[in-house]
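J.:
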Amino acid sequence: MSDQWGPDAVMDRVRIDATGMHYTPLNMAIRAAVAEGAREIEIDHVMGQRFIADGLKGDVRLIIHGVPGGDLGMFMSGPTCIVHGNCDHAPGNTMDSGLIVIHGSAGDAVAHSMRGGKVFVRDSIGYRGGIHMKQYRDKRPILVLGGNFRAFLGEYMAGGLILALGPPPDSPIRERGIGSGIHGGRIIVRGDVDDEYLGVGAQKSPLTREERDEISPLIREFATYFRRDPDVLLEDSYVQIRPSSSRPFASKYTWE
Amino acid sequence: MDGRAIRSALSMMDERGSGEGAGYVAYGAFPEFADYYAIHVFFDAIHETKAAVDQELSKWGTIVHEEEIPTYEQQNIRKIHTPWRYFFQPDARLMPRSTTPEDDIIMHLVMKVNTSIPGALVYASGKNIAIFKASGWPEEVADFYRIQDYKGYIWLGHNRYPTNTPGWWGGAHPFNLLHWSVVHNGEITSYGTNRRYIESYGYRCTMFTDTEVVAYLFDLLVRRHHLAPELAVRALAPPFWDEIDRMPGGEAYLNRAIRLTYGPALMNGPFAIVVAKPDAIVGFTDRIKLRPLVTGTMGPRLYISSEEAAIRVMEPEVGDITMPRAGEPVIGRVYS
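Residue numbers (our numbering), protein chains in the order written: chain A, 21 to 276; chain B, 261 to 596.
Now the structure itself:
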């Protein structure tokens, strides 16, 4: 079977040409391939198709060439998406588990409301990265960034970890509202952040030895995906941003 | 450039609309009538309403040429208005106390027709500027007017998802007044304040939607008050006070002065906007970036879009995709 709309199946590897394809038939082709036991699906000529791999379950690897549209991997539970290109808004939106690796940049609200799994972005992201990430029991989402981020990183964050490995220490962060409204989770930034860029309810502190050790595997994983030298990143200084108390906004909602 | 590229770009973003309004503008579309104001009118029951518009125009100048705008039936577009264009030469002597008499006559005519002649709506009034809009999907509106038959050196396109008022032909973007055209994604929640402010300068809001104030604000701030486009954007989407407090002396003074002078022009709410005039385009977002904006360049061309894919479908090899900072204008100038 090898018509231009359908998956060209060879054993457990499938290749799909997404040229001119709407996202609905594209996602149907992806789901059909997964149902037939595909372990790796390579998609060529992706151009703005939204919702790729949304709600997808299973042990499958998607290799995406091109620029996917918004909400890549939304509600995804288990699969891996490797993107060779830039992502639009909110890749990893409310993702449950799995892995997204973006060899490029991404738009606003990356990892929006993410619940579990990992998102790695090689380059820069837009505004509100990691907005309202959350965690519960063993579910702890992780967002790792290699480039710059814009304002309101980790806005309303309720859990999980954001690790910002860029920008390099010689280009200081000038993005306002980092961790604005944060009430759970942690944001770890390479270099330093001036207090004026911290959001409401966010507090800055140095990393302990144990906390540094905890991020080392993530730095090595990032370096492996993007062929970067981990040593420079491992040796550099980091600062973490957390909620200023266990319930920083209690007074906004309740009388105690 | 003809209209095919921008049609293909908008069709990447059908999800952003609801089929209730789409439109395009082309600068440089009427080379044979480039010196005349291209006044576009939607007529209801044209046999009853057109005479009044003709009469109003004749008071202020000469209709050099006029025609029904050619349209081509589309399955989902109900032609409830008749789109018409006049090429018009105002008589500058009739506005003797103005420094820009021709523009002021046209502005007066637009406001006059739109507020006093029921069944006629002027939706464009610039020189050498063609607007194509209707209720429908972007592809249908493009085919309805056959925008591939027009050439322009600036194109804007828009796909609408009306939220606060019903969709209608006059509410589709781009909005135009004189040389200004505006496309907008978002909501201007300060519309009431902005409208009261702009109406105190003689503008009249008649399109039942927020975006038209942007066209009028640019006309007031740039054409009439002679602000540079950068400063006009600064007035509409200014830095926060705490940012101004941290600026060096002169810069802080300027920004404070703009905020104080143009307080009622400040726009609140989520927006990403592109404004065009004959020699430039400017794109900007609200100050906390509640709507997307992506830019790219290819040779001498600047592209501004809500999504990268829409740029890439026109220019697959575009290199420098960037996301401008909130409130920071991206300006493309026309070099002839």
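Glycine included, every Cβ here is placed at the ideal spot set by N, Cα and C.
Predicted, not measured: the structure shown is a model, and the values here were computed from it.
1) Should V534 (chain B) be flagged as near chain A, meaning a C-beta pair shorter than 8 Å?
2) In chain order, what residues of the same chain lie with their CB nearer than 6 Å to the CB of G277 (chain B), ignoring the 5 residues before and after it?
3) Do the region 365–373 of chain B and the region 278–285 of chain B meet, that is, are 3 or more Cβ pairs less than 8 Å apart?
4) Over what stretch of residues does the alpha helix (DSSP H) that includes R142 (chain A) continue unbroken?
5) Using the Cα positions of H132 (chain A) and S257 (chain A), report the straight-line distance between them to the nearest angstrom.
6) Residue range of the alpha helix (DSSP H) that H368 (chain B) falls in?
7) Could you work out which residues of chain B lie near H109 (chain A), taking near to mean beta carbons separated by less than 7 Å?
8) Have a look at A:L46, A:D64, A:H42 and flag the residue whose alpha-carbon is nearest the alpha-carbon of L76 (chain A).
9) Can you check DSSP and say which residues form a bridge with I414 (chain B)?
10) According to DSSP, which residues form a beta bridge with W440 (chain B)?
11) Report the rounded CA-to-CA distance for F500 (chain B) versus P538 (chain B), giving the unit in angstroms.
12) Can you tell me which of the three DSSP states I255 (chain B) falls into?
13) Can you give the Cα-Cα distance for D505 (chain B) and I193 (chain A), rounded to whole angstroms?
14) Can you tell me whether P426 (chain B) is helix, strand or coil according to DSSP?
15) Identify, in the order they occur along the chain, each residue of the same chain with its Cβ nearer than 8 Å to the Cβ of A29 (chain A), setting aside the five sequence neighbours on each side.
16) Kindly list, in the order they appear in chain B, the residues whose Cβ is closer than 8 Å to that of M67 (chain A).
17) Could one say the Cβ of V121 (chain A) lies closer than 8 Å to chain B's Cβ atoms, at least one of them?
18) Anything in chain A within Cβ reach of R585 (chain B), meaning under 8 Å, just list it in chain order.
19) Hey, out of B:K387, B:T469, B:P434, whose CA is closest to T425 (chain B)'s CA?
20) Where does D79 (chain A) sit, in a helix, a strand or coil, going by DSSP?
21) Which value, in whole angstroms, describes the spacing of the CA atoms of E577 (chain B) and M67 (chain A)?
22) Can you have a look at Y513 (chain B) and say buried or exposed, based on whether 16 or more other CB atoms are within 10 angstroms of its CB?
23) Anything in the region 86–112 of chain A with a Cβ closer than 7 Å to a Cβ of chain B? List those residues in chain order, please.
24) Compare the Cα-Cα distances from A569 (chain B) to each of A:I61, A:I36, A:Y43, A:Q69 and report the closest residue.
25) In the DSSP assignment, what are the bridge partners of N419 (chain B)?
26) State the DSSP-derived secondary structure class of Q308 (chain A), mapped to helix, strand or coil.
27) Looking at the strands, I want to know which residues DSSP matches up with G321 (chain B).
28) Between which two residues does the alpha helix (DSSP H) harbouring E400 (chain B) extend?
29) Between I504 (chain B) and chain A, is the shortest Cβ-Cβ distance under 8 Å, so that the two count as touching?
30) In three-state terms, what does DSSP make of R262 (chain A)?
31) So Y410 (chain B) and G263 (chain B) are supposed to be a Cβ contact under 8 Å. How far apart are they, rounded?
32) R70 (chain A) touches chain B at which residues, Cβ-Cβ below 9 Å?
33) State the DSSP-derived secondary structure class of I500 (chain B), mapped to helix, strand or coil.
34) Taking 8 Å as the CB-CB cut-off, is Y245 (chain A) touching chain B?
35) Counting only Cβ pairs nearer than 8 Å, list the residues of chain A close to I581 (chain B).
T.: So, from the listed chains and residues:
1) For V534 (chain B), no Cβ of chain A is located within less than 8 Å of the residue's own Cβ.
2) N419, R420, Y421, listed in sequence order.
3) Counting Cβ pairs under 8 Å, fewer than three are found: no touch.
4) Run containing R142 (chain A): none; DSSP gives neither H nor E here.
5) Going by the C-alpha atoms only, they are around 27 Å apart.
6) For H368 (chain B), the enclosing alpha helix (DSSP H) starts and ends at 361–376.
7) Correct list: P552.
8) That would be A:L46, whose Cα lies nearest to the Cα of L76 (chain A).
9) Listed as beta-bridge partners of I414 (chain B) by DSSP are B:Y287.
10) Looking at the DSSP assignment, W440 (chain B) forms a beta bridge with B:L437.
11) The alpha-carbon atoms of F500 (chain B) and P538 (chain B) are separated by roughly 31 Å.
12) For residue 255 (chain B) there is no data in the structure shown, the boundaries of chain B being 261 and 596.
13) Cα-Cα distance, rounded: 18 Å.
14) Three-state DSSP puts P426 (chain B) in coil, outside helix and strand.
15) Confidence at A29 (chain A) is low in this model, with a pLDDT of 47, below 50, so its placement is unreliable and the value that follows should be read with caution. Here the set comprises M21, A53, E56, A58.
16) Residues of chain B passing the Cβ test: M272, A569, R572, V573.
17) Not an interface residue.
18) Within chain A, the residues near R585 (chain B) are R170.
19) Checking every option, the nearest Cα to that of T425 (chain B) belongs to B:T469.
20) Coil.
21) Between E577 (chain B) and M67 (chain A), the alpha-carbon positions lie close to 13 Å from each other.
22) With fewer than 16 other Cβ atoms from the protein chains shown falling within 10 Å of its own Cβ, Y513 (chain B) counts as exposed.
23) The region 86–112 of chain A vs chain B, Cβ under 7 Å: V87, G89, N106, D108, H109.
24) Nearest option by C-alpha distance: A:Q69.
25) For N419 (chain B), the beta-bridge partners assigned by DSSP are B:A282.
26) Shown here, chain A extends from 21 to 276; a query on residue 308 (chain A) therefore has no answer.
27) The partner list for G321 (chain B) (beta bridge, DSSP) reads B:P350.
28) Annotation for E400 (chain B): the continuous alpha helix (DSSP H) segment containing it runs 398–405.
29) So, not an interface residue.
30) Here R262 (chain A) carries a strand assignment [DSSP, helix/strand/coil].
31) Taking the Cβ atoms as the reference, Y410 (chain B) lies roughly 6 Å from G263 (chain B), within the contact range of under 8 Å.
32) Residues of chain B passing the Cβ test: E275.
33) The identity of residue 500 (chain B) in the sequence shown is Phe, whereas the question assumes Ile. Three-state DSSP puts F500 (chain B) in coil, outside helix and strand.
34) Among the residues facing chain B, Y245 (chain A) is not included, as its CB has no counterpart in that chain under 8 Å away.
35) For I581 (chain B), the chain A residues whose Cβ falls inside 8 Å of its Cβ are N106, S125, in order along the chain.
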